[in-house]
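Visitor:
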Amino acid sequence: MFSSRQRLKNRTTPKDLNRFDYLQALVTEFQDTEDADARLQVLANLSNFAYDPINFEYLRKLQVPELFLDCIDDDEDLAGRTVQFGIAGICNLVSDPKNRDIVLAHDTGVQCIFRCLSSPEIETKLAAITTLIQLVIPASRDRIVTSHVLDCMRNFAHSSDSRLRNLAQVFIEDYG
Numbered sequence: 001m002f003s004s005r006q007r008l009k010n011r012t013t014p015k016d017l018n019r020f021d022y023l024q025a026l027v028t029e030f031q032d033t034e035d036a037d038a039r040l041q042v043l044a045n046l047s048n049f050a051y052d053p054i055n056f057e058y059l060r061k062l063q064v065p066e067l068f069l070d071c072i073d074d075d076e077d078l079a080g081r082t083v084q085f086g087i088a089g090i091c092n093l094v095s096d097p098k099n100r101d102i103v104l105a106h107d108t109g110v111q112c113i114f115r116c117l118s119s120p121e122i123e124t125k126l127a128a129i130t131t132l133i134q135l136v137i138p139a140s141r142d143r144i145v146t147s148h149v150l151d152c153m154r155n156f157a158h159s160s161d162s163r164l165r166n167l168a169q170v171f172i173e174d175y176g
């Protein structure tokens with residue numbers, strides 16, 4: 001839920017972890033735990049926290065955009081929940097220009113998102129398309145709106161899934 005820094009400050013007692021410390025604890029738990037289910041739950045939580053603009057600065061300091069990209073990059077078949085939560089987190093973050101620039105500047109950032117278009121999971125594809133739409137700015141348009149991406153969108157525009165079909169059509173109308 002969206003909040004203001006002042007509202008958070010007023011609601012936080014001295015014994016509570018502040019927002020940054022809580023997010024840092026989540027990142028540390030993700031990095032340190034060996035339990036796959038626990039890691040997945042933490043990644044899902046981080047992805048959800050990436051939705052609130054009040055967390056953007058904290059997540060950048062903790063290098064969470066890079067963590068999300070690594071989750072995508074490390075999964076070969078793109079079918080897992082790790083990829084789904086990673087791309088969902090990126091999708092949530094890139095509405096902010098600073099986060100968008102981090103993804104665009106990352107060595108494999110755009111390629112990771114392109115790879116998600118090949119996932120067998122609809123939710124992963126939806127998040128990837130939404131992310132690409134948010135990443136298109138004049139300076140990045142030629143990197144993102146490629147013939148390969150447009151071919152994917154044309155293919156998705158015939159999908160039986162109405163969400164995928166509609167989102168692909170929006171991409172084509174805006175950038176095709």
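Numbering follows full-length UniProt numbering, with no gaps: position 59 of the sequence shown is 59. Each residue gets a CB set at the ideal place from its N, CA and C atoms; glycine is no exception.
1) In terms of alpha-carbon separation, which member of I54, A79 and V110 lies closest to L69?
2) What first and last residue would you give for the alpha helix (DSSP H) that runs through Y175?
3) According to DSSP, is G109 part of a helix, a strand, or is it coil?
4) Hey, how far is the Cα of L40 from the Cα of S118?
5) Please identify the residue among L135, R143, A139 and K125 whose C-alpha is closest to the C-alpha of M153.
6) Whose C-beta lies closer than 8 Å to the C-beta of H158 among residues of the same chain, with five residues either side of it excluded?
7) Please report how far the alpha carbon of D16 lies from the alpha carbon of A25, in whole angstroms.
8) Rounded to the nearest angstrom, what separates E76 and F20 at their Cα positions?
Guide: Result, derived from the coordinates:
1) V110
2) S162 to Y175
3) helix
4) Within the model, the alpha-carbon separation for L40 versus S118 is close to 21 Å.
5) K125
6) Closer than 8 Å at the Cβ level, and outside the excluded window around H158, lie R165.
7) The predicted position of D16 is uncertain, since its pLDDT is 49 and thus under 50; a value taken from the coordinates is nonetheless stated next. Straight-line Cα distance between these residues: approximately 13 Å.
8) 32 Å
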